[in-house]
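Read through the structure below, which is laid out as structure tokens, and then see the notes.
If you want it as structure tokens, here you go:
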């Protein structure tokens, strides 16, 4: 086991966003329900939301393998949306309606502890997003949810998606810090493992309801990360912030 | 004369930083004085500050013409600092001391109306930096001065310096907006003219003391910009924010 990171060296925290900071699932279900009511359409919107979220990963992997040129998350979401609208037999939508629906991903509600927890942590550290979401999406959802950051960093700036190492290294370069001065915060182990591999500190935050009340989330016990936190308040305490 | 921009279309404002948001000159003079006291060195620190500011422009122009590879502002400031330390016969400094001095540019004080004005404008618009300063410098000085942005955009992300058009177009792309939905805010006409050339709206803010009490600043009357403001409070009012 590698030696634990020196917390006193940490200057900045980079946050995964979907699932870690915002509750994408219930937000997307809410938006789909509103859409359904406006259209008089009834469907399994929770299932639609889960398929929408799951659907973009294969396309993102194609970008990661170089089989697709750089394509941002808005565009990947739109491709999956078109497929799901067909699958669910929802027809006759105008471009404006589709675009509004696709931008549901710009209107995601933070977890109850996110805004206040970030505010505390920001008093002592530089806090930034480090998400696969494109920059404009991250700006919009931060404004929507009242989240305040010191800057917005995105995979888009690296032209690579997490967990490619280029994303973490680009963030370090832009922050003018060495990897050992940065801590990645995420509710997902693959993200943290990749960050750890390039020398970042790591903080796992438990978000047991990210995939809904019945889904199984990553198990926090015995994880090889520097901090294991219940939520952002707990993270702030453990950081001494 | 081109027709005035439709203000109701504006979604985001991009702010020049040095001189427009922060008072670099008195901040740098203050830092140099503190340095002088700690070293028992007396010098014309105002002159040193002015030469430091003026000195990086030729190097930046070399980057713009492709004669130098991309070099960030921290590095350009350091090159000029080394030259000035020699000119002022200041010798025997350690690397840490030089680096602390160079990072004076990360500790610049906002003009008195900047924090509050930005806060008002941010309630109605997306507000971001669009500066030749590197991203980490902008993050640091914003934290230092209590400036809150929706995101930090820098020439560094374009690999070009203002007034190259790539800087403005990269910002528009990252914000997911068309140039006509963005307004550039600056105390410098060349920046605004370049932004206007690619279709941005423009707001000139008067900062008569940027270059000191006796310097001549750009003249605001009859300028071909969409808004002419006395300061950020006036800008907020004219934007209806």
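Protein chains in written order, with the numbering used here: chain A, 1 to 241; chain B, 1001 to 1241. Just so it is clear, CB atoms sit at the ideal spot from N, CA and C, and this is done for glycine as well. Being a predicted model, the structure only gives us computed values, none of them experimental.
Nonlocal neighbours in the same chain, by C-beta distance under 6 Å from residue i, ignoring five residues either side
{"i": "residue 1179 of chain B", "result": "1172, 1198, 1199, 1200"}
{"i": "residue 68 of chain A", "result": "62"}
{"i": "residue 232 of chain A", "result": "113, 114, 117"}
{"i": "residue 1224 of chain B", "result": "none"}
{"i": "residue 175 of chain A", "result": "12"}
{"i": "residue 1 of chain A", "result": "Reliability fails at residue 1 of chain A, whose pLDDT of 43 lies under 50, so the model's placement of it is uncertain and the value that follows must be treated cautiously. Cβ within range, chain order: n/a, list empty."}
{"i": "residue 1086 of chain B", "result": "none"}
{"i": "residue 1055 of chain B", "result": "1080"}
{"i": "residue 245 of chain A", "result": "Residue 245 of chain A lies beyond the range of chain A shown here (1 to 241); nothing can be said about it."}
{"i": "residue 99 of chain A", "result": "none"}
Own chain, CB closer than 7 Å to residue i, minus 5 neighbours either side, in chain order
{"i": "residue 90 of chain A", "result": "41"}
{"i": "residue 195 of chain A", "result": "168, 184, 202"}
{"i": "residue 1034 of chain B", "result": "none"}
{"i": "residue 170 of chain A", "result": "157, 158"}
{"i": "residue 209 of chain A", "result": "none"}
{"i": "residue 216 of chain A", "result": "none"}
{"i": "residue 94 of chain A", "result": "none"}
{"i": "residue 9 of chain A", "result": "180, 181"}
{"i": "residue 191 of chain A", "result": "16, 162, 163, 184"}
{"i": "residue 327 of chain A", "result": "Since the first residue of chain A shown is 1 and the last is 241, residue 327 of chain A is not available in this structure."}
{"i": "residue 1020 of chain B", "result": "1185, 1186, 1187, 1205, 1207"}
{"i": "residue 1222 of chain B", "result": "none"}
Cβ-Cβ distance between residue i and residue j below 8 Å
{"i": "residue 49 of chain A", "j": "residue 76 of chain A", "result": "no"}
{"i": "residue 1071 of chain B", "j": "residue 1185 of chain B", "result": "no"}
{"i": "residue 52 of chain A", "j": "residue 79 of chain A", "result": "no"}
{"i": "residue 1065 of chain B", "j": "residue 1241 of chain B", "result": "no"}
{"i": "residue 1137 of chain B", "j": "residue 1105 of chain B", "result": "yes"}
{"i": "residue 1162 of chain B", "j": "residue 1155 of chain B", "result": "yes"}
{"i": "residue 188 of chain A", "j": "residue 16 of chain A", "result": "yes"}
{"i": "residue 1134 of chain B", "j": "residue 1060 of chain B", "result": "no"}
{"i": "residue 1073 of chain B", "j": "residue 1235 of chain B", "result": "no"}
{"i": "residue 1011 of chain B", "j": "residue 1177 of chain B", "result": "yes"}
{"i": "residue 46 of chain A", "j": "residue 36 of chain A", "result": "no"}
{"i": "residue 84 of chain A", "j": "residue 101 of chain A", "result": "no"}
Beta-carbon contacts of residue i that lie in its chain and below 8 Å, excluding the five residues immediately before and after
{"i": "residue 1108 of chain B", "result": "1018, 1022, 1023, 1024, 1027, 1028, 1141, 1144, 1145"}
{"i": "residue 226 of chain A", "result": "4, 5, 7, 183, 201, 202, 203"}
{"i": "residue 213 of chain A", "result": "none"}
Residue(s) in a DSSP beta bridge with residue i
{"i": "residue 153 of chain A", "result": "A:130"}
{"i": "residue 13 of chain A", "result": "A:127, A:183"}
{"i": "residue 1110 of chain B", "result": "B:1022"}
{"i": "residue 1201 of chain B", "result": "B:1183"}
{"i": "residue 1229 of chain B", "result": "B:1205"}
Short CB-CB distance (under 8 Å) between residue i and chain E
{"i": "residue 32 of chain A", "result": "The displayed structure is made up of protein chains A and B, and chain E is not among them."}
>> With three or more C-beta pairs closer than 8 Å as the rule, is the stretch 118-132 of chain A touching the stretch 147-164 of chain A?
In response: Yes: at least three Cβ pairs fall under 8 Å.
> Taking Cβ-Cβ distances below 9 Å as the criterion, which residues of the stretch 1137-1148 of chain B are in contact with chain A?
Replying inline: Listed by position, the residues of the stretch 1137-1148 of chain B near chain A (Cβ gap below 9 Å) are 1137, 1138, 1139, 1140, 1142, 1143, 1148.
> Mind listing which residues of the stretch 154-186 of chain A have their C-beta closer than 8 Å to chain B's C-betas, in chain order?
Replying inline: Close to chain B, meaning a Cβ-Cβ distance shorter than 8 Å, are the following residues of the stretch 154-186 of chain A: 156, 157, 174, 175, 176, 177.
> Between the stretch 1005-1032 of chain B and chain A, which residues of the former have CB atoms less than 7 Å from a CB of the latter, in chain order?
Replying inline: Those residues of the stretch 1005-1032 of chain B that come within reach of chain A (Cβ to Cβ, closer than 7 Å) do not exist; the list is empty.
> Taking Cβ-Cβ distances below 8 Å as the criterion, which residues of the stretch 1067-1100 of chain B are in contact with chain A?
Replying inline: Going along the stretch 1067-1100 of chain B in chain order, one finds 1074 with a Cβ nearer than 8 Å to chain A.
> Relative to chain B, which residues along the stretch 106-127 of chain A have a C-beta separation below 8 Å, given in chain order?
Replying inline: Listed by position along the chain: 126.
>> Beta carbons nearer than 9 Å to chain B: which residues of the stretch 206-240 of chain A have them?
In response: The stretch 206-240 of chain A vs chain B, Cβ under 9 Å: nothing.
> Going along the stretch 36-69 of chain A in order, which residues come within less than 8 Å of chain B, judged by CB to CB distance?
Replying inline: Legend: CB atoms of the stretch 36-69 of chain A lying less than 8 Å from CB atoms of chain B are not found in any residue.
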